[in-house]
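Under our numbering, think of the first position of the sequence shown as 6, with each following residue one higher. No residue lacks a Cβ here, since even glycine has one placed at the ideal position from N, Cα and C. All values derive from a computational prediction rather than experimental measurement.
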Amino acid sequence: MSAFLLTTIVISLSGVMAPGPITAAALAAGAKARHAGAMIAIGHAAVEFPLIAVLVAGVGPMLQSHGFRIAIGFGGGVFLLWMAAQLLLGARTTTAGSRLSPQRRPFATGVVLTGANPYFLVWWATVGLTLTNEAVGFGIGALLLFAMVHWLCDLGWLEFLSLVGNKGAGLFGDRSQRAVSAVCGAALLGFGAKFIYDAGAGAAMMRW
6 MSAFLLTTIV ISLSGVMAPG PITAAALAAG AKARHAGAMI AIGHAAVEFP
56 LIAVLVAGVG PMLQSHGFRI AIGFGGGVFL LWMAAQLLLG ARTTTAGSRL
106 SPQRRPFATG VVLTGANPYF LVWWATVGLT LTNEAVGFGI GALLLFAMVH
156 WLCDLGWLEF LSLVGNKGAG LFGDRSQRAV SAVCGAALLG FGAKFIYDAG
206 AGAAMMRW
């Protein structure tokens, strides 16, 4: 059991520390709110915990279907492009450009960026499913512990990122906040374009 938990921590950290939309969102939100990362992590959990329950129920194969991943990719990509636009517009002033931008609604950001990320779903349909099945083999208590340990890794990293963003903004003032918004907005723009490109490539392959 202890070896399994150690494996969970290592794999979870390797996943959460990989650069992605939530990474950029946590940095951007942290520039405005010191503990925004915790709220993003809670929003992330609002999607992740039910997903674990769904995997236990045996719905993992649906997440692996090409059609499902393509739909999520297109939808997630469009949303990321919109969010990037809000951050880039917000970079022109000292306030974020939209009520739904990462800086204004970190919990909602965590929910949407998690659910709209096809790579998150692929991870859970493969690596996450393997870990979940192993946890189930130890019993319901182990499953709950696995879910909590995995989420604590998310929480720790996202909170760290928001603290970094906040510290930088505090040291350099409004100009730093605008710079963080611009950089993170550009990152989300790139991720959004990649999501849409990958979804389009997947759709083209299905036609052949």
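- With DSSP collapsed to three states, give me the class of A23. In the structure shown, A23 sits in coil (DSSP, three-state: anything other than H, G, I, E or B).
- Query: What is the rounded straight-line gap between the Cα of R104 and the Cα of V21?
  - Reply: With a pLDDT of 49 at R104, under the threshold of 50, the modelled position of that residue is not reliable, and the figure given next carries that caveat. The C-alpha of V21 is placed about 26 Å away from the C-alpha of R104.
- Query: How is A36 classed by DSSP in three states: helix, strand or coil?
  - Reply: When DSSP states are grouped into helix, strand and coil, A36 belongs to the coil group.
- Using the C-alpha atoms, what's the distance from G207 back to T137? Rounded to whole angstroms, T137 to G207 spans 27 Å at the Cα level.
- Item | Integer-rounded CB distance, given that D203 should sit under 8 Å from G78 | Confirmed, about 6 Å.
- At which residues does the alpha helix (DSSP H) containing W129 begin and terminate? Careful: W129 lies outside any alpha helix (DSSP H) and carries neither H nor E.
- Query: In three-state terms, what does DSSP make of R183?
  - Reply: Correct three-state label for R183: helix.
- Out of A184, H155 and L166, point me to the one whose CA is closest to S19's CA. Its Cα nearest to that of S19, the residue H155 stands out among A184, H155 and L166.
- Item | 8 Å contact criterion, which E139 and A43 should meet: CB distance rounded | Contact flag wrong, Cβ pair sits at about 28 Å.
- Whether V127 touches I16 by CB criterion (8 Å): Not a contact, by the Cβ cut-off of 8 Å.
- Task: Consult DSSP for M44 and reduce its assignment to one of helix, strand or coil.
- Result: Reduced to three states, the DSSP call for M44 is helix.
- Item | DSSP three-state assignment for R74, whether helix, strand or coil | Residue state, collapsed to three classes: helix.
- With a cut-off of 8 Å, do at least 3 Cβ pairs link the stretch 51 to 67 to the stretch 188 to 195? By the criterion of at least three beta-carbon pairs nearer than 8 Å, the stretch 51 to 67 is not in contact with the stretch 188 to 195.
- From P26 to L85, what does the alpha carbon distance come to, in whole angstroms? Computed Cα separation, rounded: 8 Å.
- If you count every other CB in all the chains shown that lies within 10 Å of the CB of H49, and 16 or more means buried, which is it? Here H49 is buried. Its C-beta has 16 or more other C-beta atoms within 10 Å.
- Task: Report the three-state DSSP secondary structure of A101 (helix, strand or coil).
- Result: Only weak support is given to the placement of A101: the predicted model assigns it a pLDDT of 45, under 50, and the value that follows is read from those uncertain coordinates. Coil at A101, not helix or strand.
- Message: By alpha-carbon positions, which one of A89, V116 and A130 ends up nearest to F73?
- Response: Looking at the Cα atoms, A130 is the closest of the given residues.
- Task: For G82, I'd like the list of residues in its chain whose CB is within less than 6 Å of its CB, leaving aside the five on either flank, ordered along the chain.
- Result: Within the same chain, G82 has close Cβ partners G197, F200 and I201.
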